[in-house]
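Since the structure comes first, as structure tokens, the remarks are kept for the end.
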Amino acid sequence: MVEVFMRGKTHCAAGILAGIQLSIIFSMPVSIINIIASAAFSILPDLDKSNSIISGFIFRKKTSEHIYKLLIYTLNAAIFFMLIKMNADFLVSGIISFFIIIIVEKKVSHYHVRKYLVSFSLLLIALLLIIITNNIFFMFPFVVFAVFPWLKHRNFSHSIIMIFLVYIMMKPIEMISSLDKISVISAFSYGFHILCDMFTRQGVALFYPFSSKKISLGYIKVGGKFSNIIEKILVLLLFIWTFISVAEILGIHII
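Residue numbers 147 to 401, in our numbering, belong to the letters of the sequence shown in order.
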């Protein structure tokens, strides 16, 4: 199946390089924490897609598939034994439970269960952070992103409002933890992801919730050979630009 969103690995690589380049241009510190923030926030917008790289990082797909199967089998057994306890015929109980499970599987897919698992994982992290840090500001980003799996792809998660919200959520954390400029780096990396997605055919709902119209600046069909080449060229150009900038800071003149 051809994916309609830019690949997570490309977003991550481009986000890291763009974040480093931003730090160099505006004389901001290039730290491991800021690089990690660039990587994380460059792929977080796709948390509204169940099979995205960030969803898989939070909760592995194979694990969620096993949990889904376990839930289905457990439900099947529970229904069967409940019918037996009601003095129903063994064969009738088996047939009824079989058809009930078929209906359940049609209504509740693996991806529905996966959404719950991803959201629950983020909320659990938020709870642990409150207990450990005793500060609610560390909780907010995880609570907000816990809602993402239930949102329509490329709407609120890919809007200008969300870029500002990332900055607003990260600013108190920056002030409390003394992580210099992490709010700017996080918001920029998040916005860079959205900018990249604007060059695909599907586009993004940049002004959501005021407008659901998808804005597209290009006609790239992500998943094809041409789009893969474009993605690699983008990352390569960013790498070269960053390499030259770092070299100049070190007093090495390449150009």
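A virtual CB, placed ideally from N, CA and C, is assigned to each residue, including glycine.
Under the three-state DSSP convention, the category I189 falls into: coil
What residues are listed by DSSP as bridge partners for V350? I361
Burial state of N180 (16 or more Cβ within 10 Å): buried
Just confirm the distance between the C-beta atoms of A164 and F338, as a whole number of angstroms; I'd bet it's less than 8 Å. 5 Å
I285: which of K253, I319, N222, I178 sits nearest, CA to CA? According to the sequence displayed, residue 285 carries Met and not Ile. The shortest CA-to-CA distance from M285 to any of K253, I319, N222, I178 is the one to I319.
Just tell me which of I204, F236, V238, F244 has its CA closest to the CA of N222. Nearest to N222 by C-alpha distance, out of I204, F236, V238, F244, is F244.
Judging by CA-CA distance, which residue of F283, A351, I331 is the nearest neighbour of I307? By alpha-carbon distance to I307, the top candidate from F283, A351, I331 is A351.
Let me know the secondary structure DSSP gives L273 once reduced to three states. helix
Could you pull out every residue in the same chain whose Cβ sits closer than 8 Å to the Cβ of L297, ignoring the five residues on either side in sequence? D194, S303
Could you give the C-beta distance for A160 and C342, rounded to a whole number, given that I count them as a contact under 8 Å? 6 Å
Which residue wins for smallest C-alpha separation from A333, given the options Y214, Y313, F203? Y313
Is DSSP giving S305 helix, strand or coil here? coil
Specify, as a first and last residue, the run of the alpha helix (DSSP H) that A333 falls within. Unbroken alpha helix (DSSP H) run through A333: 328 to 343.
Roughly how many angstroms separate the alpha carbons of L311 and Q348, rounded to a whole number? 23 Å
Residue ranges of each alpha helix (DSSP H) run of no fewer than 4 residues wholly in the segment 223 to 266, ordered along the chain? 236 to 253
Could you give the residue range of the alpha helix (DSSP H) that holds V290? 286 to 291
In terms of residues, what are the limits of the alpha helix (DSSP H) holding I204? Segment 199 to 204, the alpha helix (DSSP H) holding I204.
Residues in its own chain within less than 6 Å of K327 by CB, not counting five upstream and five downstream? M174
With a threshold of 16 other CB atoms inside 10 Å of the CB of S265, please say whether the residue is buried or exposed. buried
Just to confirm before moving on: does the CB-CB distance between I249 and I218 stay below 8 Å? No, Cβ-Cβ distance for I249 and I218 is not below 8 Å.
So for V381, helix, strand or coil by DSSP? Note: V381 maps to helix in three-state DSSP.
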